[in-house]
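Numbering (the numbering used here), first residue to last: 63 to 137.
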């Protein structure tokens, strides 16, 4: 079963950042879909919690150069 993760991310400044985040998260097993919006700083991730953790998703964003300031996972 998939979960949705809503995140507030600091550091996105353009559509290139949106694409970079999509590629970085898309490489994680269990990530089904990503939607990043640099104008609002919002990232939505649909993922399989049995394959990937919220912590790993946040770590991947940090490695890509972005700071997660808020997150909420829902079913």
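Glycine included, each C-beta is placed from N, C-alpha and C at the ideal position.
Bridge-paired residues (DSSP) for residue i
i	result
residue 97	106
residue 69	105 and 133
Nearest-angstrom Cα separation, counted from residue j out to residue i
i	j	result
residue 75	residue 123	14 Å
residue 65	residue 97	14 Å
residue 89	residue 81	12 Å
residue 109	residue 79	20 Å
residue 115	residue 105	16 Å
With 16 other Cβ atoms within 10 Å as the buried cut-off, status of residue i
i	result
residue 93	buried
residue 71	buried
residue 69	buried
Residue i (DSSP reduced to helix, strand or coil)
i	result
residue 124	helix
residue 117	helix
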